[in-house]
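Single-structure report; data block below.
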Amino acid sequence: MNAKQAAAHKAVQYIKDGMIVGLGTGSTAYWAIQYLGEKVKQGMRITAIATSGETERLALECGIKVSEMDAVDHIDIDIDGADEIDRRLNLIKGGGGALLREKIVAAGSKTFIVIADGSKMVEMLGQFPLPVEIIPFGWQHTARHLALLGCQTTLRQKEAKPFITDNGNYILDCQFGPIPDPAVLQQQINNTPGVVENGLFVKMATRIVIGYDDGTAGEFS
Ligand code: 5RP
1 MNAKQAAAHK AVQYIKDGMI VGLGTGSTAY WAIQYLGEKV KQGMRITAIA TSGETERLAL
61 ECGIKVSEMD AVDHIDIDID GADEIDRRLN LIKGGGGALL REKIVAAGSK TFIVIADGSK
121 MVEMLGQFPL PVEIIPFGWQ HTARHLALLG CQTTLRQKEA KPFITDNGNY ILDCQFGPIP
181 DPAVLQQQIN NTPGVVENGL FVKMATRIVI GYDDGTAGEF S
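Dropping the structure here:
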């Protein structure tokens, strides 16, 4: 079991029969979906809410029942990865481009468990370029406004074209450097016309589960 598998395996132990479960996106969430699929095959009944088209496809392949977000009035536990994590439970997310749905699902969850390998832990957020989802209309204007907040912006590309999110939007990867006050920065970004949502998840996480290469995992909350 590698570090990502160890974190995912530990987090999945919190899922109980009958729960509504948020499923994150990315290579660590992938393992949580696989382990949940095993539990479902052994008879556990859960309903999942997927944070991306890719996650929905994976969950269905694993035999997990997937529902629409608006078909449920709450989510019991959301399990998702992160690109950076600090000791105060703040995150940068969106490396996989799913940050908008990931934030909606996390906000709708009673418990939000973040799973990662140790490389994601940082003293201060900001080395990883902050993903910001923006609407395509006038995106260069939006990028210039965001640059005034003190970052270098790069339009995310896929196969030499702009990367398009599941919501039909673009992603700007914003290199801020150290972010001493994520709560203030997330408000400044979201006040910028053209921005849909940003990848700062400020004190949304309930519990962080970190996996290690020896197959063990630790947690803090
Ligand atoms: C996707 C995300 C992912 O959770 C984040 O990028 C971490 O991915 P991985 O587990 O593959 O390192 O936010 O939008």
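The sequence shown maps to residues 1 to 221 in my numbering.
C-beta: ideal position from N, C-alpha, C; glycine also.
C-beta contact flag for residue i and residue j at 9 Å
i, j, result
"Ser-67", "Thr-47", "yes"
"Asp-117", "Tyr-30", "no"
"Phe-112", "Ala-217", "no"
"Met-121", "Ile-179", "no"
"Val-202", "Gln-186", "yes"
"Asp-40", "Met-69", "Here residue 40 is Val; the residue named in the question, Asp, does not match the sequence. No."
"Tyr-35", "Ile-77", "no"
Contact test: residue i Cβ vs the ligand 5RP heavy atom, cutoff 8 Å
i, result
"Gly-95", "yes"
"Asp-216", "Note on residue identity: the sequence assigns Thr, not Asp, to residue 216. No; taking the cut-off as 8 Å, the Cβ of Thr-216 has no heavy atom of the ligand 5RP nearer than that."
"Gly-199", "yes"
"Lys-39", "no"
"Gly-26", "yes"
"Pro-178", "no"
"Pro-182", "no"
"Asp-86", "no"
"Glu-102", "yes"
"Ala-29", "yes"
"Asp-70", "no"
"Lys-223", "Residue 223 is absent from the model: the chain starts at 1 and stops at 221."
"Lys-120", "yes"
"Pro-129", "no"
"Ala-116", "yes"
For residue j and residue i, the rounded distance between their alpha carbons
i, j, result
"Glu-133", "Asn-90", "19 Å"
"Thr-55", "Asn-169", "18 Å"
"Ile-33", "Glu-219", "19 Å"
"Arg-88", "Pro-136", "33 Å"
"Val-114", "Gly-24", "9 Å"
"Gly-53", "Asp-166", "7 Å"
"Asn-198", "Asn-190", "7 Å"
"Ile-85", "Lys-110", "20 Å"
"Gln-127", "Ala-82", "13 Å"
"Leu-200", "Met-44", "33 Å"
"Ile-210", "Ala-3", "8 Å"
Three or more C-beta pairs closer than 8 Å, one from the stretch 168-185 and one from the stretch 145-156: is that the case here?
yes
Can you give, in chain order, each stretch of the beta strand (DSSP E) that sits fully within the stretch 92-147 and has at least 3 residues?
Whole beta strand (DSSP E) segments, 3+ residues: 109-117 and 130-134.
Between the stretch 58-65 and the stretch 6-16, are three or more C-beta pairs nearer than 8 Å?
no
Using a Cβ distance threshold of 8 Å, determine whether the stretch 141-150 contacts the stretch 91-108, with at least three qualifying pairs required.
Between the stretch 141-150 and the stretch 91-108 there are fewer than three C-beta pairs closer than 8 Å, too few to call the two in contact.
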